[in-house]
Every structure is written in structure tokens, then in C-alpha cells.
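Presented below is the structure to which this report refers.
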Amino acid sequence: MKLSIIGGGSWGTTLAQVLADNGHSVLIRDVNAEFVNKINTDHKHPFFDTLLPKEIRATLDLKETVEYSDILVLCVPTKVMRSVLVEIEGLLKDKKLFVNVSKGIEPDTSYRVSQIVEEVISKPHFKGYVVLSGPSHAEEVILRKLTSLVAASLHEEYAVEVQHIFSNETYIRVYTSEDVIGVETGGSMKNAIAIVSGIAYGMGLGENARAFLITRGVKEIVSIVTALGGKMETAYGLSGIGDLIVTASSMNSRNFQCGLNIGKGMSISAATEAVTQSVEGIRAIYAGYEIGIRYHLELPIIETAYHLVNGEVSVQDALANLLSRSLKPEKYW
Ligand SMILES: NC(=O)c1ccc[n+]([C@@H]2O[C@H](COP(=O)([O-])OP(=O)(O)OC[C@H]3O[C@@H](n4cnc5c(N)ncnc54)[C@H](O)[C@@H]3O)[C@@H](O)[C@H]2O)c1
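Structure representation (C-alpha cells):
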């Protein structure tokens, strides 16, 4: 089968390798000429040492990529997703299946990617939508280390199709779900908690503090997921807790690294710039805070993180604010 990958950064290139390993033909589109040339001539990507399968091709040409296959894998940072989709919509002549693997929330609108797709892609060009998410550092998947994902769609047949395309019997196992809201929301909100976990680590707080913030962070992710119409069990699954475990304690996570920089005293902009690739958790903190207000949710960790990244309090004051809250029983629902 042929698949088009829109965005050849860490994750797009890694998924291209998964697809090539599974016997599929892949064309990657990226706007970065250096990435495209390196993939085509050296069979390498600047972010990895690994030699990529020779069958993977890359191009700067979006039209060529859109025409290449009936399945478009969306792998660009969420902040450029709308503009890329607008370009794609202008090029489409028939229906496509959209598979989103990006985990962010759109700045300004706080939309999930499924909502952007729904708004931008017209009915004659839309076959279906699947979100593919879960605990998956590209740095491990590119080395073919065991990884699990979940493919969620409102149409079970498309979730099952994506499950079969990406799964193999050596290192990738994909589950299915019908909870698009839950998978998308958990996948983006875990980045907010990963930043908080990184801040605690950067401040020199210990493992106890990290476990505290991650565990209570799960409660906040569950509150947000369910308020938006997702299922509690999805938040407790691979795309929620699973991804949080891998993101909130690993130096491979750019959100954790960004938080760590903030915890060490860097400004928010310097902390974000120091991490060369896209950091989506800052936007997730803003979105989580806004959702909390809209749905009257109690989200002390996200609220505190919001005041911190908004420049209203220092890391020390943020911690003091969190600890000065009234004492209460431990409850999760
Ligand atoms: N890296 C991971 O381990 C990982 C794992 C799962 C999901 N994700 C998600 O995948 C998304 C992409 O992450 P990444 O790690 O690949 O980021 P990245 O920064 O490594 O790559 C993003 C790529 O998109 C390209 N790009 C930007 N604008 C473009 C456009 N208009 N058209 C085509 N390409 C464009 C950039 O040149 C870059 O190569 C994020 O939402 C992230 O959360 C990443």
C-alpha cells in the first residue's frame, strides 16, 4: 500500500520507517530542503544516526505527495496544521483518509486536530479521520524498540485499517478505539503535565515530588478529557497515562526538557528555544486552563503552571501556591 506523510521531522521520518518495514511505499513531504535531500541521497535524517530503508523517498512538493496515495499521515506541529490543511484542500481532487499523529492543540482556537480537519477539509475530499497516538518516543521507535499505539476513529473500519497498516509482529502493536476526543485530548494534555514534571526536576525536587505531580496530574487530565466528552478509561489508557509515563520522566521528551529548563531558572521563551524541535506543552497548559474555566474544573496543577508560564509568578511562588491550598481527601473521581 502507498502512504503520504506530511511532515518529515522526527516522528514523520520514524513512521515512514515503520511503514517501510511493514512493506508499504512511503513519500514524505517536508518544507526543509536539507531534510529532503538527506533522506533521498544519504538515506538518513539529520536527527538520527540510523540508516533509513532505501525505499523511503522525500519531496518538497505537496501536490506530488497529496496525489501519491489515498492516505495522508499528518505529522506537522499543530501550530501549522491549519495552514497545511488549507494548502492540501486546495490540491485535492478526491476523498482521502486523514491519519493524524500530531499531539498538540491549535493556538488561538484550542481546537483538536480532528476539529481543524472538519473545518478545513470539504466533504467531497473527506473519507475519514483517525488519530494515532500513544507512548512513543521517535528515538526508540527508530531503533525498532517495542512500542504500543492506539488508533481512534468514529468509524471502526478506518481505525482497524490503520491498526493493521502500522502494526507488525516485531516491535509495533496498535490497539483501536472509537474515542477520538479522549485520545486527542489525553495526548495533548499529557504534555502540560510533562512540563510541570520537568520543572520540578529542574528545581531539584526529588522523585517523590515528580510522582506526586504526575499522579495528581492524571486526575486533571481525566477531568479535562471527560469534560470535553471523552471517556475516563481512555485517559487511563495508552494515549493518556501511557503517554504521560513516557513523557513526564524522560530526557527524550522535549516537553520535559523545556520544563527542566524553566525549573533551572530560564525564561519561558529561552527554555522553549533551547529545545530545538516543537514544544507543544506550553500551548496545552493555556488550553487546559481555558477549558478549566469554561467547565468549572478544579485543576490546581495546570492552573499554577498557567500563572507560571504567563509570567505572573516565579517557580518558587508557584510551588508555594500549590502547597498552600486547603488540605483535602485524596479523590480521583
Ligand atoms: N517526536 C516524537 O517522538 C513524537 C512522537 C509522537 C508524536 N509526535 C508528534 O508529532 C508531531 C511532529 O513532531 P516531530 O517530533 O516530528 O516534530 P519535528 O519538529 O521533529 O518535525 C516537524 C516537521 O514538520 C516540518 N514542517 C513544518 N511546517 C511544515 C509544512 N508546512 N509542511 C510540511 N512539513 C512542515 C518541519 O520542517 C519538521 O521537519 C508533534 O505534534 C508531536 O507531538 C512526536
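As numbered in the working numbering, residues 2 to 334 make up the sequence shown, in order. Each residue gets a CB set at the ideal place from its N, CA and C atoms; glycine is no exception.
(message) Using only the alpha-carbon positions, how far apart do Ser-168 and Asp-180 sit?
(response) Each residue's Cα considered, the two are about 19 Å apart.
(request) Report yes if the CB atom of Val-163 is closer than 8 Å to the CB atom of Leu-133, and no otherwise. (result) Yes; because the gap between Cβ atoms is below 8 Å, this pair is in contact.
(request) Out of Gly-231, Tyr-290, Pro-330, Gln-18, state which residue places its alpha-carbon closest to the alpha-carbon of Ile-182. (result) It is Gly-231.
(message) Extract the residue ranges of the alpha helix (DSSP H) inside the region 294-320, only unbroken runs of 4 or more that lie entirely within it.
(response) Taking only runs of at least 4 residues, the alpha helix (DSSP H) segments lying wholly in the region 294-320 are 301-310.
(message) Does Trp-12 pass the burial test, meaning 16 or more other C-beta atoms within 10 Å, or should it be called exposed?
(response) Flag for Trp-12 reads buried.
(request) Flag Thr-79 as yes when its Cβ comes closer than 7 Å to any non-hydrogen atom of ligand 1, and as no otherwise. (result) Thr-79 Cβ: within cutoff of ligand 1.
(request) Evaluate Pro-330 with the Cβ neighbour count: other Cβ atoms within 10 Å of its Cβ, from every protein chain shown; 16 or more gives buried, anything less gives exposed. (result) Exposed: under 16 other Cβ atoms inside 10 Å.
(request) State the DSSP-derived secondary structure class of Arg-174, mapped to helix, strand or coil. (result) Strand, per DSSP.
(request) Give me the Cα-Cα distance between Thr-110 and Thr-277, rounded to the nearest whole angstrom. (result) Note on geometry: alpha-carbon atoms of Thr-110 and Thr-277 lie some 25 Å from one another.
(request) Report the option in Glu-170, Ser-327, Gly-105 whose CA atom is closest to the CA atom of Leu-20. (result) Comparing alpha-carbon positions, the option among Glu-170, Ser-327, Gly-105 lying closest to Leu-20 turns out to be Glu-170.
(request) For Ile-29, name the three-state secondary structure that DSSP assigns. (result) It is a strand residue.
(request) With hydrogens ignored, establish whether the beta-carbon of Ile-286 is closer than 7 Å to any heavy atom of ligand 1. (result) Every heavy atom of ligand 1 is 7 Å or more from the Cβ of Ile-286, so no.
(request) Using three-state DSSP, classify Arg-83 as helix, strand or coil. (result) Here Arg-83 sits in helix by DSSP.
(message) Output needed for Tyr-172: all residues of its chain with C-beta closer than 8 Å, excluding positions within five of it in sequence on either side, in chain order.
(response) If we look at Tyr-172 and ignore the five residues flanking it on each side, its Cβ neighbours are Val-142, Arg-145, Lys-146, Leu-147, Thr-148.
(request) Can you grab the Cα-Cα spacing for the pair Gly-203 / Ile-263, in whole Å? (result) Between Gly-203 and Ile-263, the alpha-carbon positions lie close to 7 Å from each other.
(request) Using the DSSP secondary-structure output, state which residues sit across from Gly-129 in a beta bridge. (result) For Gly-129, which the question treats as bridged, DSSP gives the partners Leu-98.
(message) Going by C-alpha to C-alpha distance, which of Thr-66, Leu-4, Val-197 sits closest to Ala-285?
(response) When only C-alpha atoms are compared, the closest one is Val-197.
(message) Taking the alpha helix (DSSP H) that Arg-58 belongs to, which residues open and close that run?
(response) Counting along the chain, Arg-58 falls outside any alpha helix (DSSP H), though it belongs to the beta strand (DSSP E) covering 58-60.
(request) Drop a sphere of 10 angstroms on the beta-carbon of Gly-266, count the other beta-carbons inside from all chains shown, and report buried for 16 or more, exposed for fewer. (result) Counting C-beta atoms within 10 angstroms of its own C-beta, Gly-266 has fewer than 16 neighbours from the protein chains shown and is therefore classed as exposed.
(message) Could you check whether the Cβ of Ala-139 sits closer than 7 Å to any heavy atom belonging to ligand 1?
(response) At least one heavy atom of ligand 1 is nearer than 7 Å to the Cβ of Ala-139, so yes.
(message) Using the Cβ count rule (16 or more neighbours within 10 Å means buried), how would you classify Glu-313?
(response) Within a 10 Å sphere around the beta-carbon of Glu-313 sit fewer than 16 other beta-carbons, which makes this residue exposed.
(message) List, from N- to C-terminal side, the beta strand (DSSP E) runs of 3 residues or more that fit wholly inside the region 130-198.
(response) The qualifying runs are 148-153, 173-178.
(message) Suppose the cutoff is 6 Å on Cβ atoms and the five residues either side in sequence are ignored; what does the same chain contact list for Pro-108 look like?
(response) Excluding residues within five positions, the ones whose Cβ falls inside 6 Å are Lys-80, Arg-284.
(message) Between Val-226 and Thr-186, how many whole angstroms is the CB-CB distance? I'm expecting something under 8 Å.
(response) Correct: roughly 5 Å between the Cβ atoms.
(message) Please state the DSSP three-state secondary structure of Val-74.
(response) Residue state, collapsed to three classes: strand.
(message) Taking its Cβ as the centre, do 16 or more other Cβ atoms sit within 10 Å of Met-252, making it buried, or is it exposed?
(response) Classified as exposed, Met-252 has fewer than 16 neighbouring CB atoms from the shown chains inside 10 Å of its CB.
(request) Pick helix, strand or coil for Ile-6, following the three-state DSSP scheme. (result) Strand, per DSSP.
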